[in-house]
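Below you'll find the structure, written out as structure tokens, and then a few comments.
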């Protein structure tokens, strides 16, 4: 027999599936801020925050919402090399595939973009931009200078990446949006909404405020860590539910199980 | 699926580690409470000990009062000494209850005694025991005490003791001291007279004894006078 926790566990599989997007106060604010910035005549927008703060899902969300209104493209993973990136960009700009055995001439691409100014407004959402090299970023800047292509650059917030931001965008970026870790209230709403979205009302109800306090303490409000922790919690619950049902209290997630999951993931140590 | 056993073991270790500071705090608090309560108990015991000592002291005083009462009832000085010795040893052996039973019959005499002297009385009895053990310093103590208290018991005791020991000059002296405090004590006079005889002043002794016999008509004094005159003493 399938455990009730099996479905709950899968709710927290980490993904950037737009169907999993949960509207929270903080995410709504970030979304509106980003949308407002994209409406401005800006060349580049920097979206940054620690890993797991919801940058990727926000970019996905905005692309999904605006795809019918604007020419907006999402580049999820960075290209392996410059050639591949310009192939991708060529396809977006020209809406044609690059002929076989040909390469993109960057100068020609810039000229092409300049010709597009005033005719088209293309928005490129660059996720994981910290993985692009400085030379590549310089070329992206030159393309943004044509004002035909607007780049939303998503970066992880680390010391090195802040340096990249300073070097490449300091004088060019007009808007900076920072995503932060969730508050306990936001995280509680996130977990409950995720479960309720899958009609897991009883399980959502079994996660009490004290449990969320503990979860928030372990994950520091990070959504990715929260997903990982809850996945592990429900996996342990699933095990007990199947093998030792006496150890599971369906009305309340035992603190022991939350701590066991935290031990498993290395949030706490013996 | 995880292997839950190692994870549970890990959690048990974690829990112990987490609770450790609480256990330590609890142990420290408990230790402090024990120390504190022990300290208070010691204080209480000390107070109790003081109370017990105080009670014992008071009881002793009561007993001594009773002892003294009995002493007064027994008029003969030598008898009195024997009784004192007996009673002191009884006090020492915690047989005071028996004594108090004996002395219940003379309640009026209790009222005559001054309680202040009772402790001195106790000390005397104890010192008398020491004197019996022929300690020279103990004689000195009694002599010094007599000079302060002018207690005839002390003086008479010294007179008899020295007489028994053959120190007739001192016996004469202490018999005289006794007589100075109370001239009606016949025993001191008899020791005084006997000491003079022993010191070779027979005529002087006969003169004093004759005047005493004329005055009191004491049989004992008459007998002694007869013995001295006929060289039977």
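Residue numbers (the numbering used here), protein chains in the order written: chain D, -10 to 259; chain B, -16 to 216. Using N, Cα and C, we set each Cβ at its ideal position, and we do this for glycine too.
Nearest candidate by alpha-carbon position, reference residue i, set the options
i: residue 143 of chain D; options: D:202, D:165 and D:135; result: D:165
i: residue 223 of chain D; options: D:16, D:234, D:246 and D:202; result: D:246
i: residue 164 of chain B; options: B:174, B:19, B:122 and B:139; result: B:139
i: residue 179 of chain B; options: B:2, B:146 and B:128; result: B:146
i: residue 220 of chain D; options: D:235, D:254, D:203 and D:94; result: D:254
i: residue 71 of chain D; options: D:112, D:24, D:107 and D:123; result: D:123
i: residue 256 of chain D; options: D:25, D:217, D:37 and D:119; result: D:217
i: residue 117 of chain D; options: D:229, D:35 and D:9; result: D:35
i: residue -13 of chain B; options: D:227, D:242, D:258 and D:182; result: D:227
i: residue 214 of chain B; options: B:20, B:154 and B:183; result: B:183
i: residue 84 of chain D; options: D:109, D:243 and D:126; result: D:109
i: residue 135 of chain B; options: B:149, B:167, B:119 and B:153; result: B:167
i: residue 154 of chain B; options: B:126, B:15, B:-11 and B:20; result: B:126
i: residue 119 of chain B; options: B:131, B:7, B:148 and B:132; result: B:148
i: residue 144 of chain B; options: B:10, B:12 and B:158; result: B:158
i: residue 160 of chain B; options: B:5, B:133 and B:199; result: B:133
i: residue 90 of chain D; options: D:76, D:37 and D:100; result: D:76
i: residue 92 of chain D; options: D:107, D:74, D:203 and D:127; result: D:74
i: residue 95 of chain D; options: D:128, D:111, D:37 and D:50; result: D:128
i: residue 65 of chain D; options: D:105, D:11 and D:49; result: D:49
Neighbourhood of residue i by C-beta distance below 8 Å, restricted to the same chain and skipping five residues each side
i: residue 19 of chain D; result: 43, 47, 166 and 168
i: residue 102 of chain D; result: 82, 132, 135, 137 and 138
i: residue 40 of chain D; result: 145, 211 and 213
i: residue 0 of chain B; result: none
i: residue 87 of chain B; result: The pLDDT assigned to residue 87 of chain B is 40, lower than 50, so where the model puts this residue is not dependable; a value taken from the coordinates is nonetheless given after this. Closer than 8 Å at the Cβ level, and outside the excluded window around residue 87 of chain B, lies no residue.
i: residue 211 of chain B; result: 176, 180, 185, 188, 189 and 192
i: residue 52 of chain D; result: 61, 62, 63 and 114
i: residue 187 of chain D; result: -4, -3 and 0
i: residue 201 of chain B; result: 169 and 195
i: residue -6 of chain D; result: 192, 223, 224, 226, 227 and 230
i: residue 216 of chain B; result: 177, 180, 207 and 210
i: residue 80 of chain D; result: 86 and 87
Close-in-space but distant-in-sequence residues of the same chain around residue i (CB under 7 Å, 5 per side omitted)
i: residue 184 of chain D; result: -3, 0, 192 and 193
i: residue 196 of chain B; result: 204, 205 and 208
i: residue 170 of chain D; result: 39, 42, 209, 210 and 211
i: residue 205 of chain D; result: 173 and 176
i: residue -3 of chain B; result: none
i: residue 238 of chain D; result: none
i: residue 128 of chain B; result: 137
i: residue 14 of chain D; result: 175
i: residue 84 of chain B; result: Note that residue 84 of chain B has pLDDT 45, beneath the 50 cutoff, so the model's placement of it is unreliable and the number below is only indicative. Closer than 7 Å at Cβ, skipping near neighbours: no residue.
Residues of its chain near residue i, where Cβ-Cβ distance is below 6 Å and the 5 sequence neighbours each way are ignored
i: residue 4 of chain D; result: none
i: residue 181 of chain D; result: 193
i: residue 45 of chain D; result: 5 and 116
i: residue 67 of chain D; result: 117, 120 and 121
Buried or exposed by the 16-neighbour rule on C-beta atoms within 10 Å, applied to residue i
i: residue 141 of chain D; result: buried
i: residue 240 of chain D; result: exposed
i: residue 97 of chain D; result: exposed
i: residue -8 of chain D; result: buried
i: residue 115 of chain D; result: buried
i: residue 141 of chain B; result: buried
i: residue 121 of chain D; result: buried
i: residue 235 of chain D; result: exposed
i: residue 232 of chain D; result: exposed
i: residue 8 of chain D; result: exposed
i: residue 19 of chain B; result: exposed
i: residue 172 of chain B; result: buried
i: residue 8 of chain B; result: exposed
i: residue 17 of chain B; result: exposed
i: residue 6 of chain B; result: exposed
i: residue 130 of chain B; result: exposed
i: residue 24 of chain B; result: exposed
i: residue 78 of chain D; result: buried
Contact list for residue i against chain A, beta-carbon separation under 8 Å
i: residue -6 of chain B; result: Checking the listed chains, one finds no chain A in this structure; the protein chains it contains are D and B.
Point to revise | Stretch pair the stretch 54 to 69 of chain D + the stretch 197 to 215 of chain D: three plus CB contacts closer than 8 Å | key: For the pair of segments examined, the stretch 54 to 69 of chain D was found not to touch the stretch 197 to 215 of chain D: the number of CB pairs separated by less than 8 Å stays below three.
Review point. What alpha helix (DSSP H) runs, 4 residues minimum, are completely inside the stretch 197 to 239 of chain D?
Key: Taking 4 residues as the shortest admissible run, the stretch 197 to 239 of chain D contains the following complete alpha helix (DSSP H) segments, listed from N- to C-terminal end: 198 to 208 and 212 to 232.
Exercise for review: Decide if the stretch 23 to 30 of chain D is in contact with the stretch 242 to 253 of chain D; the criterion is three or more beta carbon pairs, one per stretch, under 8 Å apart.
Suggested key: With the cut-off at 8 Å, the stretch 23 to 30 of chain D and the stretch 242 to 253 of chain D do not touch.
Review point. Enumerated in chain order, which unbroken segments of the alpha helix (DSSP H) with a length of 4 residues or greater are wholly contained in the stretch 165 to 200 of chain B?
Key: Within the stretch 165 to 200 of chain B, the runs of alpha helix (DSSP H) at least 4 residues long that lie entirely inside it are, in chain order, 169 to 181 and 185 to 199.
Review point. Which runs of the beta strand (DSSP E) spanning at least 3 residues fall entirely within the stretch 82 to 143 of chain D, listed in chain order?
Key: Within the stretch 82 to 143 of chain D, the complete beta strand (DSSP E) runs of at least 3 residues fall at 111 to 115.
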